[in-house]
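Undergrad: This is the structure I have questions about; it appears just below.
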Amino acid sequence: MTAGRLDGKACAADLEERLKERIANCNSQPHLAVIIVGDDPASHVYVRNKIRSCERLGIKSTHVELPADATQQQVAESIISMNDDSSLHGILIQSPLPKHMDEEALTDLIDPTKDVDGFHPSNLGRIVQGRLDGMIPCTPAGVMEMLRWGGVEMSGKKAVVIGRSFNVGMPQALLLAAKGADATVTIVHSRTADSKAECLAADIVIAAVGRPEMVTADWIKPGAVVVDVGINRVEDSSRDRGWRLAGDVHPDVAEIASLLSPVPGGVGPMTVAMLMANTVTSAESQHS
Ligand code: NAP
Numbered sequence: 010m011t012a013g014r015l016d017g018k019a020c021a022a023d024l025e026e027r028l029k030e031r032i033a034n035c036n037s038q039p040h041l042a043v044i045i046v047g048d049d050p051a052s053h054v055y056v057r058n059k060i061r062s063c064e065r066l067g068i069k070s071t072h073v074e075l076p077a078d079a080t081q082q083q084v085a086e087s088i089i090s091m092n093d094d095s096s097l098h099g100i101l102i103q104s105p106l107p108k109h110m111d112e113e114a115l116t117d118l119i120d121p122t123k124d125v126d127g128f129h130p131s132n133l134g135r136i137v138q139g140r141l142d143g144m145i146p147c148t149p150a151g152v153m154e155m156l157r158w159g160g161v162e163m164s165g166k167k168a169v170v171i172g173r174s175f176n177v178g179m180p181q182a183l184l185l186a187a188k189g190a191d192a193t194v195t196i197v198h199s200r201t202a203d204s205k206a207e208c209l210a211a212d213i214v215i216a217a218v219g220r221p222e223m224v225t226a227d228w229i230k231p232g233a234v235v236v237d238v239g240i241n242r243v244e245d246s247s248r249d250r251g252w253r254l255a256g257d258v259h260p261d262v263a264e265i266a267s268l269l270s271p272v273p274g275g276v277g278p279m280t281v282a283m284l285m286a287n288t289v290t291s292a293e294s295q296h297s
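Residues 10 to 297, numbered by our numbering, are exactly what the sequence shown covers, in order.
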């Protein structure tokens, strides 16, 4: 079997078309602010991609850049003034922040209605309550959108989520188990006794581990659906730049799975598209 492609790029393009219509009907232009601290090159690439997406869709973007030695207070002051600015609908702090900053404390300061990353405790808590109309973290929300777009039946299926981070694995598990999706979910993490056996029992595997190509073909039940969230840089001397991007899933899984999301071109574009969707939702609700 050669797996079909769960094409995040195509799914994101479809979603963008629907967002353009919603933006055209908004009372005011949706406006996203991104705060970036320091000069981590990968973070700057991610921010550029988000700003490009805003431009493509007609979302206004404001980009606040602070030096690596900025204080926590400076970032806090930026957030507080953005909370008070009624022309702004979304606030995003690009992760990771420099080590001397408390990312959790800063996230807590963001007005939950403008928390387009969905990381504020009140937005994460709403997912536990089954209230899925708010700001849902972009990566797991993007995975759900992609599964539905790909026609994947989730109800009554066994799903395994590898990873339990607050930003991906844990909300992913809750979304799969939520009413409407109705999967039966197992969370696998670094202390799981037999991760391979858990995966082999699953109809749907979502890998969000951060370990290149850890999930190999012998972990996957024939015909299962596999979503690869991982983005890892691995050395590759055959490339001019000396590295390539690898997911958490080995490419050989394509011989076993019925559907597989590629890296790149899978979950990555969906994450950015869901950030745009959260910004539009915030603009709609602030002016309704
Ligand atoms: P994270 O915070 O480091 O969490 C990784 C999780 O994997 C942890 O829960 C950890 O378990 C678990 N884990 C580690 N080693 C394991 C093993 N050998 N067996 C089973 N579980 C293991 O990472 P994250 O932020 O969730 O990100 C995961 C991956 O997704 C990374 O590659 C990241 O770059 C990628 N990512 C992609 C997107 C996108 O847009 N495509 C967005 C976000 C993240 P413990 O809790 O026990 O330590």
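Positions of the beta carbon are idealized from the N, C-alpha and C atoms, including for glycine. Being a predicted model, the structure only gives us computed values, none of them experimental.
Apart from the five residues on each side of it in sequence, which residues of its chain come closer than 7 Å, Cβ to Cβ, to Gly-17?
TA: Met-155, Ser-270, Gly-274, Gly-275, Val-276, Gly-277, Pro-278 and Met-279
Undergrad: Could you check what DSSP says for Val-194 in three-state terms: helix, strand or coil?
TA: Reduced to three states, the DSSP call for Val-194 is strand.
Undergrad: Note down, in chain order, each residue of its chain lying with its Cβ closer than 8 Å to the Cβ of Arg-220, except the 5 sequence neighbours on either side.
TA: Answer for Arg-220: Gly-239, Asn-241 and Asp-257, listed in chain order.
Undergrad: Could you please give the first and the last residue of the uninterrupted alpha helix (DSSP H) stretch that includes Glu-244?
TA: Segment 241 to 244 is the beta strand (DSSP E) holding Glu-244; no alpha helix (DSSP H) there.
Undergrad: Which stretch, first to last residue, makes up the alpha helix (DSSP H) that contains Trp-228?
TA: First-last for Trp-228: undefined, no H or E at that position.
Undergrad: Under 6 Å from any heavy atom of ligand 1, does the C-beta of Ala-192 make it?
TA: no
Undergrad: Following a CB-centred definition, is His-109 positioned closer than 6 Å to any heavy atom of ligand 1?
TA: no
Undergrad: Just checking my contact of Gln-38 with Lys-59 at CB under 8 Å: how many whole Å lie between their CB atoms?
TA: No, Gln-38 and Lys-59 are not in contact; Cβ-Cβ is about 16 Å, not under 8 Å.
Undergrad: Closest to Ala-77 by CA distance: which of Asp-249, Ser-95 and Asp-49 is it?
TA: Asp-49
Undergrad: For the alpha helix (DSSP H) holding Val-152, just list the boundary residues, first then last.
TA: Going by DSSP, Val-152 is part of the alpha helix (DSSP H) stretching over 147 to 158.
Undergrad: Can you have a look at Val-54 and say buried or exposed, based on whether 16 or more other CB atoms are within 10 angstroms of its CB?
TA: The C-beta of Val-54 has fewer than 16 other C-beta atoms within 10 Å across all chains shown, which makes the residue exposed.
Undergrad: In three-state DSSP terms, what is Arg-173?
TA: coil
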